[in-house]
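Read top to bottom, the protein sequences are chains A and B. Per the working numbering, the first sequence runs over residues 972 to 1193. Per the working numbering, the second sequence runs over residues 972 to 1193. Every residue, glycine too, gets a C-beta built ideally from N, C-alpha and C. A quick note: this is a predicted structure, and the numbers were derived from the prediction, not measured. For reference, the structure is listed below as structure tokens.
Protein chains: 2
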Amino acid sequence: MASDSSEIVKTDQKRSLETKKRILDATEQLFAQHGFYGTSMRDIAALSGSRISLIYYHFGSKDKIFQTVVDRRSEEHKNHMLGSLHNAVVLHEDAPVPLDILIEAYLRPCLERHQCHGPGWRNYIRLLAHLASESASSDYQKTFFTYDVVNKAFLNEFKRALPDAKDSHIYWGFYFLQTANINFLLDTQILDMQSEGQCSASDIDITIEQCQRFFTRGFTAP
Amino acid sequence: MASDSSEIVKTDQKRSLETKKRILDATEQLFAQHGFYGTSMRDIAALSGSRISLIYYHFGSKDKIFQTVVDRRSEEHKNHMLGSLHNAVVLHEDAPVPLDILIEAYLRPCLERHQCHGPGWRNYIRLLAHLASESASSDYQKTFFTYDVVNKAFLNEFKRALPDAKDSHIYWGFYFLQTANINFLLDTQILDMQSEGQCSASDIDITIEQCQRFFTRGFTAP
DNA sequence: GTCTATAATGAGATAGAC
DNA sequence: GTCTATCTCATTATAGAC
């Protein structure tokens, strides 16, 4: 009897987890495509193949499911980026990391998660980029603060790589790098359209190469 | 009689125009702050001090009022940017315009409209920047194509300024400049926060100076 | 041109059966 | 944990009086 009951619980828990995952995946996709206000609980229910009441049972409210979607992958992505930086640092035995390596260490984890880890990650990264583009007055932006530690770590390495540069120049340079990165992750197609197909930010290696070429020069400007 | 009637018409037309302007201003502000889906006709009616039915009378639907808001200022802003470029060109007597002048000619009209021409223009520019950040799949992005001619004209001047550079490098460089500009106009505060107040994109002259320093170097990268 | 009133639908959220 | 049914309120949009 005890084992029966516990097995039923296990099955239910498993089913529950699968349901929650389906709901979160659908929410993630819809928020990435249409934003918070452009997505209704009915849309989520339809895409996830469940009922509205079930979503409320599992998550409580629209705000909470949004938070859950954002929080679900943040630790992994954060650690991925910190790991990327760490690898570059240990590879250079604690000497300052060259600028082009630093730029790649910053961009590659984002671009790869965006393009190579399936639709779930792609939607999550696009959602993050969307949040980063909101003005500071938005309530959502506090969500973005999770990645503060990542940016601080990279800023620190940029300072080590450029010991003679003014701090302000490093802040501006890193800011320019981030604005480009955010735009990559939003899939805006600005570059593709203006170059009439000659250039595209959809090839990761080319994108990183162009950033290295352009931004190492910018960072070393007097 | 005839003059009476025509004066009444005039008065009504004037009142109508004022009402329309009040409604458009309110819509512009709300769309810039909360986006299309985050803004309701009720919000617009409340902020403009009119009735919902009046908005429908003047504009027909939410989609149409959005279009009207976007179209209202586009010609003027477009001509302002083209004029800025034209001034730089004639000032150099049709010789290639130096890179830093070109960068300023691109940024200054946007930044000034954003900061110095009142809340209406500020909201409009923020709205544009928001549209530019939407992914290409969005229906709204076609609105942004109005400014294609501006970008083409600037790209052309960049090519003249850098006769030895590959076309692809020019496209990438101009793209990087645009991603920075878009982020300025969105008021994201990323730079202010990461630099802990040491740097800010809210000072136009400093912003242009930093862009000139950084991007002229980037553009001339081999 | 502007108002009141209301239709028609969609939204977020909950109750209670199974 | 999942379902049906429903509540309450906000939403877009229209009809008709003045």
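query: Could you tell me whether the segment 1175–1186 of chain A touches the segment 1143–1159 of chain B, using the rule of 3 or more Cβ pairs below 8 Å?; result: yes
query: Whose CA, out of 1099(B), 1165(B), 1127(B), 1069(B), lies closest to the CA of residue 1117(B)?; result: 1099(B)
query: Checking contacts by CB at 8 Å: is residue 976(A) closer than that to chain B?; result: Only weak support is given to the placement of residue 976(A): the predicted model assigns it a pLDDT of 48, under 50, and the value that follows is read from those uncertain coordinates. Closer than 8 Å: no.
query: Select from the segment 1156–1167 of chain B all residues with a C-beta closer than 7 Å to any C-beta belonging to chain A, and list them in chain order.; result: 1157, 1158, 1159, 1160, 1161, 1162, 1165, 1166
query: So, at 8 Å on beta carbons, what are the nonlocal neighbours of residue 989(A) in its own chain, with the 5 sequence-adjacent residues on each side left out?; result: none
query: In whole angstroms, what is the alpha-carbon distance linking residue 1019(A) and residue 997(B)?; result: 37 Å
query: Which bits of chain A does residue 1006(B) rub up against, with CB to CB less than 7 Å?; result: 1006, 1008
query: Measure from the C-beta of residue 973(A) to each C-beta in chain B and report whether the shortest distance is under 8 Å.; result: Annotation note: pLDDT 41 at residue 973(A) (below 50); position unreliable, coordinate value reported separately. No, its Cβ sits nowhere closer than 8 Å to a Cβ of chain B.
query: Between which two residues does the alpha helix (DSSP H) harbouring residue 1135(A) extend?; result: Taken as a continuous stretch (DSSP letters only), residue 1135(A) belongs to no alpha helix (DSSP H), as it is neither H nor E.
query: Checking contacts by CB at 8 Å: is residue 1185(A) closer than that to chain B?; result: yes
query: Using a beta-carbon distance below 8 Å, is residue 1189(A) in contact with chain B?; result: yes
query: Enumerate in chain order the residues of its own chain whose CB-to-CB distance from residue 991(B) is below 6 Å, with the five nearest sequence positions on each side excluded.; result: 1029
query: Say whether the segment 1064–1083 of chain A touches the segment 995–1015 of chain A, bearing in mind that this needs 3 or more beta-carbon pairs closer than 8 Å, one atom from each stretch.; result: no
query: Which residues in chain A sit within 9 Å of residue 1151(B), going by Cβ to Cβ distance?; result: 1146, 1147, 1150, 1151
query: Rounded to whole angstroms, what's the CA-CA distance from residue 1054(B) to residue 1077(B)? Just pull it up for me.; result: 10 Å
query: Is there at least one Cβ from chain B nearer than 8 Å to residue 1122(A)'s Cβ?; result: yes
query: Per DSSP, what kind of secondary structure is residue 998(A) in: helix, strand or coil?; result: helix
query: Quick check on the burial criterion: 16 or more other C-beta atoms within 10 angstroms. Buried or exposed for residue 1104(B)?; result: buried
query: In or out: residue 1087(B) buried (at least 16 other Cβ within 10 Å) or exposed?; result: exposed
query: Check whether the segment 1149–1158 of chain A and the segment 1151–1165 of chain B touch, using three or more Cβ-Cβ pairs below 8 Å as the test.; result: yes
query: Is the CB of residue 1095(A) under 8 Å away from at least one CB in chain B?; result: no
query: Between residue 1142(B) and chain A, is there a C-beta pair that is closer than 8 Å?; result: yes
query: Could you spell out where the alpha helix (DSSP H) holding residue 1017(B) opens and where it closes?; result: 1012–1019
query: If you reduce the DSSP assignment to three classes, tell me which class residue 1085(A) lands in.; result: helix
query: Taking CB distances under 8 Å as the criterion, tell me whether residue 1138(B) reaches chain A.; result: yes
query: Roughly how many angstroms lie between the CA atoms of residue 986(B) and residue 1033(B), to the nearest whole one?; result: 22 Å
query: Check this for me: beta carbons of residue 1165(B) and residue 1122(A), under 8 Å apart or not?; result: yes
query: Using a beta-carbon distance below 8 Å, is residue 1000(B) in contact with chain A?; result: no
query: Could you spell out where the alpha helix (DSSP H) holding residue 1061(B) opens and where it closes?; result: 1045–1062
query: Taking residue 1075(A) and residue 1177(A) to be in contact with their CB atoms under 8 Å, please state how far apart those CB atoms are, rounded to whole angstroms.; result: About 12 Å; that fails the 8 Å criterion.
query: What's the gap between the Cα of residue 1190(A) and the Cα of residue 1037(A)?; result: 37 Å
query: When the cut-off is 8 Å and only beta carbons count, does residue 1104(A) lie next to chain B?; result: yes
query: List the residues of chain B that residue 1192(A) touches, going by C-beta distances under 7 Å, in chain order.; result: 1184, 1185, 1188
query: Would residue 1097(B) and residue 1157(B) qualify as a contact pair, given that the criterion is a beta-carbon distance under 8 Å?; result: yes
query: Ignore the nearest five residues each way along the sequence and tell me which others in residue 999(B)'s own chain have a CB closer than 7 Å to its CB.; result: 1040, 1091, 1094, 1095, 1098
query: Just checking my contact of residue 1026(A) with residue 1017(A) at CB under 8 Å: how many whole Å lie between their CB atoms?; result: Going by Cβ atoms, the distance from residue 1026(A) to residue 1017(A) rounds to 11 Å, so no, they are not a contact pair.
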